[in-house]
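Per the numbering used here, the sequence shown runs over residues 75 to 201.
For glycine and all other residues, C-beta sits at the position ideal for the given N, C-alpha and C.
Please read all numbers here as calculations on a predicted model, not as lab measurements.
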Amino acid sequence: MRILRKRKKQNREQGEMMDDYGEEEPTLAELSSVAVASGFVTTIVLGPLVGVGVAVTAACVAISNTKAGQVTRQAGSKIVGTKDQITEYERKHQVVERSRMGVIHGCEFMAKKLRSCSGSKDDIVLI
Numbered sequence: 075m076r077i078l079r080k081r082k083k084q085n086r087e088q089g090e091m092m093d094d095y096g097e098e099e100p101t102l103a104e105l106s107s108v109a110v111a112s113g114f115v116t117t118i119v120l121g122p123l124v125g126v127g128v129a130v131t132a133a134c135v136a137i138s139n140t141k142a143g144q145v146t147r148q149a150g151s152k153i154v155g156t157k158d159q160i161t162e163y164e165r166k167h168q169v170v171e172r173s174r175m176g177v178i179h180g181c182e183f184m185a186k187k188l189r190s191c192s193g194s195k196d197d198i199v200l201i
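(1) Given this structure, state the Cα-to-Cα distance separating R172 from E164, to the nearest angstrom.
(2) Under the three-state reduction of DSSP, which class applies to G96: helix, strand or coil?
(3) Going by other Cβ atoms of all chains shown within 10 Å of its Cβ, with 16 needed for buried, is T116 buried or exposed?
(4) Any beta carbon from chain C within less than 9 Å of K141's own beta carbon?
(5) Quick check on DSSP: helix, strand or coil for T140?
(6) With a cut-off of 8 Å, do at least 3 Cβ pairs link the segment 119-126 to the segment 139-146?
(7) Please report the straight-line C-alpha distance between I118 and S107, rounded to a whole angstrom.
(8) Indicate the three-state DSSP secondary structure (helix, strand or coil) for G72 in the structure shown.
(9) Can you round the beta-carbon distance between A103 and A132 to whole angstroms, since I take them to be within the 8 Å contact cut?
(10) Return the first residue and the last residue of the alpha helix (DSSP H) that G113 is part of.
Written out as structure tokens, the structure reads:
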């Protein structure tokens with residue numbers, strides 16, 4: 075299904091920019107991100123069955139050539155942009171790895187404390 079999207083086109087006679095509606099396909103990232111985001115939030119608030127229904131509805135609205143479809147696709151584009159920013163931040167600062175190591179060190183610290191309190195090393199099993 076083709077969707078009309080507004081894009082800028084230069085008027086050759088006057089040299090100014092004007093709006094033009096050209097046909098473009100919605101990107102898979104736009105459709106999937108808006109469906110996942112709406113389904114996730116709805117699942118948390120109202121439950122899994124309603125969440126799946128809302129996700130499917132959001133994807134269908136994003137495909138439609140209406141104002142609601144345009145707004146939904148714009149929301150999907152913003153979600154994709156946010157995902158890219160989060161991915162870049164994670165790559166740069168390694169938040170997940172640091173958190174994982176913090177949990178491991180915390181567990182090791184607690185295991186040492188428990189061993190010193192119990193007196194027997196065989197009582198505590200580390201996973």
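This is what the structure holds:
(1) Cα-Cα distance, rounded: 10 Å.
(2) Note that G96 scores 47 on pLDDT, short of 50, meaning its location in the model is unreliable; the coordinates nonetheless yield the value given after this. Note: G96 maps to strand in three-state DSSP.
(3) Buried: at least 16 other Cβ atoms inside 10 Å.
(4) The structure shown contains no chain C, having only a single protein chain.
(5) Here T140 sits in coil by DSSP.
(6) Taking one beta carbon from each stretch, the segment 119-126 and the segment 139-146 have fewer than 3 pairs nearer than 8 Å; the two do not touch.
(7) Rounded to the nearest angstrom, the gap between the Cα atoms of I118 and S107 is 17 Å.
(8) Given a span of 75 to 201 for the chain in the structure shown, any question on residue 72 remains unanswerable.
(9) Taking a contact as a CB-CB distance under 8 Å, the pair A103 and A132 does not count as one, their CB atoms being some 14 Å apart.
(10) Counted as a single uninterrupted DSSP element, the alpha helix (DSSP H) harbouring G113 occupies residues L102 to L120.
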